[in-house]
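J.: One structure coming up, written as structure tokens, with questions to follow.
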Amino acid sequence: MNKYISVNKEGIAKLQRSFRIDGKPICERVVRNALSYRKDNELARKIRYAAIKHHGGCTYYNIPEGEFFFDSDSCAFAVYPNGAEVRLDKQTGEGIVYDPKGNEVARREHVMLIQIPELTRMAKAL
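Position one of the sequence shown corresponds to residue -7 (this note's numbering), numbered consecutively onward.
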């Protein structure tokens, strides 16, 4: 999983001017290394903090498909590399597995947390 902070070009330029080494503004590469977590020293941590708090930065994660559920319209969704999908309805407790073509493969009522791995294995196997 890779983590990074996204800041627009103006924000990067402001970060460069905000931090100085030997009286000179830092270079763009220093800012980009800090925002991509390639460096983890005191300066990099300060740059990341300033990027989020003062320059509109937003943290993102690069996570492979199927390793997370995302939330939308009171449902939790997981999409897998093969095109299969698991939907968990948070209001009804229902869990549905769809094949890559969108056909329903399995449906479970009142899904408990311990049952979610079974549904994900089913979706990955399609």
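Ideal Cβ positions, reconstructed from N, Cα and C, are used throughout, including at glycine.
From a predicted model like this one, the values you see are computed outputs, not experimental measurements.
If you draw a straight line from the C-alpha of L35 to the C-alpha of R100, how long is it?
T.: Your numbering for residue 35 matches position 43 in the sequence shown. Your numbering for residue 100 matches position 108 in the sequence shown. Cα to Cα, L35 sits roughly 50 Å from R100.
J.: Should L111 and G87 be called a contact, given that it needs their Cβ atoms to be closer than 8 Å?
T.: Here the question's residue 111 lines up with position 119 in the sequence shown. Here the question's residue 87 lines up with position 95 in the sequence shown. Going by C-beta atoms, L111 is nearer than 8 Å to G87.
J.: Flag this pair as touching only if the segment 31 to 48 and the segment 1 to 20 have three or more C-beta atom pairs under 8 Å; answer yes or no.
T.: Yes, the segment 31 to 48 touches the segment 1 to 20.
J.: Using the Cα positions of K(-5) and H47, report the straight-line distance between them to the nearest angstrom.
T.: Translated into positions along the sequence shown, residue -5 becomes position 3. Translated into positions along the sequence shown, residue 47 becomes position 55. Taking the straight line from one Cα to the other gives about 18 Å.
J.: Between G49, D81, R21, which has its C-alpha nearest F62's C-alpha?
T.: Residue 62 sits at position 70 when you count from the first residue of the sequence shown. Ranking G49, D81, R21 by Cα distance to F62 puts D81 first.
J.: Apart from the five residues just before and just after V89, which ones in its own chain have a Cβ nearer than 6 Å to its Cβ?
T.: Translated into the one-based positions of the sequence shown, residue 89 becomes position 97. Excluding residues within five positions, the ones whose Cβ falls inside 6 Å are V78, V97, A98, L111, M114, A115.
J.: Between L27 and I39, which are expected to be in contact by the criterion C-beta below 8 Å, what is the C-beta distance as a whole number of angstroms?
T.: The residue you call residue 27 lines up with position 35 of the sequence shown. The residue you call residue 39 lines up with position 47 of the sequence shown. Right, their Cβ atoms sit about 7 Å apart.
J.: Return yes when the Cβ of F60 is within less than 8 Å of the Cβ of A70, no when it is not.
T.: Residue 70 sits at position 78 when you count from the first residue of the sequence shown. Residue 60 sits at position 68 when you count from the first residue of the sequence shown. Yes, Cβ-Cβ distance for A70 and F60 is below 8 Å.
J.: What separation, rounded to the nearest whole angstrom, lies between the Cα atoms of S66 and I13?
T.: Translated into the one-based positions of the sequence shown, residue 66 becomes position 74. Translated into the one-based positions of the sequence shown, residue 13 becomes position 21. Cα-Cα distance, rounded: 49 Å.
J.: Going by DSSP in three states, E(-1) sits in which element: helix, strand or coil?
T.: Counting from 1 along the sequence shown, the entry for residue -1 is found at position 7. What sits at residue -1 in the sequence shown is Val, not Glu. If DSSP states are grouped into helix, strand and coil, V(-1) belongs with coil.
J.: Residues in the same chain with beta-carbon distance under 6 Å from N25, minus the five sequence neighbours each way, listed in chain order, please.
T.: Within the sequence shown, numbered from 1, the residue matching residue 25 stands at position 33. Within the same chain, N25 has close Cβ partners K31.
J.: Need the endpoints of the alpha helix (DSSP H) that R100 sits in, please.
T.: Taking the sequence shown and counting its residues from 1, the one referred to as residue 100 is at position 108. Taken as a continuous stretch (DSSP letters only), R100 belongs to no alpha helix (DSSP H), being part of the beta strand (DSSP E) at 96 to 100.
J.: Residue range of the alpha helix (DSSP H) that V23 falls in?
T.: Here the question's residue 23 lines up with position 31 in the sequence shown. It spans 20 to 27 - the alpha helix (DSSP H) in which V23 sits, taken as one unbroken run.
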